[in-house]
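Protein chains in written order, with our numbering: chain A, 4 to 416; chain B, 4 to 416.
In this text, a Cβ means the ideal position worked out from N, Cα and C, and glycines have one as well.
This report concerns only the one structure given below.
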């Protein structure tokens, strides 16, 4: 079996050809891979069935098995995902900026692929084709390491994807899958400096910690979302209620779900009882002031304020004013998405400027922080760090830039 | 003495006020700090004299002592540096992009400060005010850790800078200097996750390696420059000679100096003897083909091709064609700056597209990769990594962005 370094070198070699591939060739490759995913559905589903059987026999929870399981419909959606990526604009080659210096030198900042994008991910086998498709369209080679539990599925999908890409003349190694899944191999994967240009871990806190401790390659962290909704004294309370319900209930298990409600004390007496009613089925925990107004709210602990529940649970706090709301959010925010409901333009301005998060919503649900909703067509993740990319990451965020400087014999004085 | 964490918290606190400071207030602070640097010159020079004496007594080399030593002229140039930064455009608040979604949601991507920018640097005390000035103008708090050898100088400069800033009502902690200089404290400094938003190490390979191994905060690496000049078969040889001499001799000790000459075999017989003559005083090492044409060239070892000499030494290689030139550069480049001299537009295009570096020069000296020369006014470093910033880093590269999303009660379907 090839070593991790050898696999990385294959991805790097492929990335050179991909960086120079024309858009129509990359689009043809995506479409060819999509066709082949459907044609070879039986093979992929058989491999997946083996993974599912192993997981069930090993006592995996039903949610783990559900994330692992593919169906003809899920395969179809993977294929249509690739076709969708083919329709998106190619970020590569964009001249981001250009200017001429007083000495006549022309400076152009041009968008180019990162090179090799490495992704460590957990159980979902659809990530294999989704990530590989985004990497390919942005001119990058995808260097993927999934979990051992999805190995047969990932191998089958990767095999088919690579064949599809090779059919139109792009490198088979546009996707390289690491099949070794030991801890040591993960560590090695994170330390291929000079080979991996960007690592994106997609998984829980222990994976993130392993990256922080071990990685020597550059990485982007796709972090937690402890998202707050602040209801200002001037808020349209009907609007506030609808944003709250949407943020909390529409899909509670995702990072842009609303996890905490912060209410101005002037509107709390009217708003909180309505909120409790509208959120029937949601467990509410809150401070004394909120519990005085809505006794069904349970007492919150200090830990609650910082928590990303990813479940039908909401923390509730009553504050004296906008300053206190911003102060509370500043203290407990994970820097993902924070929202205000207000009619007061000065409050909206202050909240948008002072709250430090990847996205600030004014009179909109926290659920909108999403590549699709932003119009990026697809996303590789949502960055909660400040370097390189912040917020939903689409194709552009899988690129870097290069300065092309043109003179006619310019030398420095 | 305050712990590193406490110092970091002070910087973080200050960063909140700085993020909201108006441009004219920041400019006034820079100008006030510049005035005070001149008014308190005696105090700073006395502190510096103590550092210099200690270094000399400790047997430091003359180049180390020279980098450490301040003079009235150097102080004057630090002050005028701060005044110059005050004249630059404020990057904060720029709306980088904005668009309205089909559902009416307005999405704006706004430039905001990073927060706390941490810098670890070596002997030069001028970095203290230069870095603090750039951080302040871009709305960031500067969290600085210099070397023990420059501690008295750094402390005096920081003291004066902070007083100058405080005079106009911005936080004194806009610059926080770490005075502990042990290895353990450096490690702690690199691991203040949640406090430090970006770490920029400015120093040699052992510092970079320490960052790669220990840092858990996001960082940007300011790396080596093994810069090549490729002389194409169609090159104007007079131009090529002038770019070569400028790149190698004008300032050999810097990262954008030319370290390697690659020559097309068709022009090598005419060009190399002229190059040898023009580079009198430069030690040349080369391959057999170059030595056959210019016998004063010494044999190069494999190690030479990858070397950043930072000195009057140049490696020389003769290649068969553009492909071989790109192949050689691809193999040995450090991704900083690569240059081509050519009259052939197709060669220029291919070189600019295929060579993977922060900057590609077409008919211009490698020495132009520089914030000042690019028109940024000042630079905090030159990034050779691909994430966040690539190439010269000016004020914009000390910022991140935030999405401000405005609706009128938008919820997700």
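By the criterion of a C-beta distance shorter than 7 angstroms, residue 274 of chain B is surrounded in its chain by 234, 240, 243, 266, once the five residues flanking it on both sides are discounted.
Look at residue 110 of chain B: its C-beta is under 8 angstroms from a C-beta on chain A.
Contact between residue 189 of chain A and residue 123 of chain A holds: their C-beta atoms lie close to 7 angstroms from each other, under 8 angstroms.
Beta-bridge partners of residue 233 of chain A (DSSP): A:265, A:343. Put simply, the backbone Cα of residue 238 of chain A is about 54 angstroms away from that of residue 49 of chain A. Residue 89 of chain B places its beta carbon 8 angstroms or farther from that of residue 128 of chain B.
Two segments are said to touch when three or more pairs of C-beta atoms, one from each, lie closer than 8 angstroms; by this definition the region 369–380 of chain B does not touch the region 317–331 of chain B.
Note that the region 72–82 of chain B does not touch the region 20–28 of chain B; fewer than 3 beta-carbon pairs, one per stretch, sit closer than 8 angstroms. Closest in C-alpha terms to residue 319 of chain A, from the list A:249, A:262, A:169, comes A:262. In terms of CA proximity to residue 43 of chain B, B:79 leads the group B:14, B:79, B:57.
Taking C-alpha positions only, residue 165 of chain B is separated from residue 199 of chain B by approximately 19 angstroms. Beta-bridge partners assigned by DSSP to residue 102 of chain A: A:110. In terms of CA proximity to residue 390 of chain A, A:223 leads the group A:362, A:223, A:371, A:96. In this structure residue 172 of chain B does not touch residue 95 of chain B by the C-beta definition: roughly 18 angstroms separates them, more than the 8 angstroms allowed. Between residue 253 of chain B and chain A, the shortest Cβ-Cβ separation is below 8 angstroms.
Apart from the 5 residues on each side of it in sequence, residue 341 of chain B sits with its Cβ closer than 6 angstroms to the Cβ of 231, 332, 358, 360, 363 in its chain, given in chain order. Residue 264 of chain A and residue 283 of chain A do not touch by the CB rule: their CB atoms are close to 15 angstroms apart, not below 8 angstroms. In this structure, the CA atom of residue 98 of chain A is about 22 angstroms from the CA atom of residue 382 of chain A. Annotation for residue 146 of chain B: the continuous beta strand (DSSP E) segment containing it runs 144–148. With the criterion set as a beta carbon lying under 7 angstroms from some beta carbon of chain A, the members of the region 387–412 of chain B are 388, 389, 390, 391, 393, 394, 403, 404, 405, 406, 407, 408, 409, 410, 411, 412, in sequence order.
For secondary structure counted as the alpha helix (DSSP H) over 4 or more consecutive residues, the region 321–387 of chain B holds these complete runs in sequence order: 325–335, 348–357, 374–377. Counting along the chain, the unbroken alpha helix (DSSP H) around residue 186 of chain B starts and ends at 186–192. Taken in chain order, the complete beta strand (DSSP E) segments of 3 residues or longer contained in the region 121–180 of chain B are 144–148, 178–180. Taking every protein chain shown into account, the CB of residue 149 of chain B has 16 or more other CB atoms within 10 angstroms, so this residue is buried. Spanning the alpha carbons of residue 285 of chain A and residue 369 of chain A requires a straight line of approximately 17 angstroms. Taking all protein chains shown into account, residue 352 of chain B has fewer than 16 neighbouring C-beta atoms within 10 Å of its C-beta and is therefore exposed. The beta carbons of residue 139 of chain A and residue 177 of chain A sit closer together than 8 angstroms. The C-beta of residue 308 of chain A comes no closer than 8 angstroms to any C-beta of chain B.
Proximity of residue 275 of chain B to chain A, defined by a Cβ-Cβ separation below 8 angstroms, is not satisfied. For residue 411 of chain A, the enclosing beta strand (DSSP E) has its first and last residue at 402–413. DSSP places residue 288 of chain B inside the beta strand (DSSP E), whose first and last residues are 286–289. Look at residue 68 of chain B here: in three-state DSSP terms it is helix. The three-state reading of DSSP puts residue 394 of chain A in strand, counting E and B together.
Its chain contains 227, 228, 229, 262, 337 as the residues whose beta carbon lies nearer than 7 angstroms to that of residue 311 of chain B, once the 5 sequence neighbours on both sides are disregarded; these appear in chain order. Membership of residue 33 of chain B in the alpha helix (DSSP H) is indicated by the continuous run 26–42. Across the region 184–210 of chain A, CB contacts with chain B closer than 8 angstroms involve 196, 200, 201, in sequence order along the chain.
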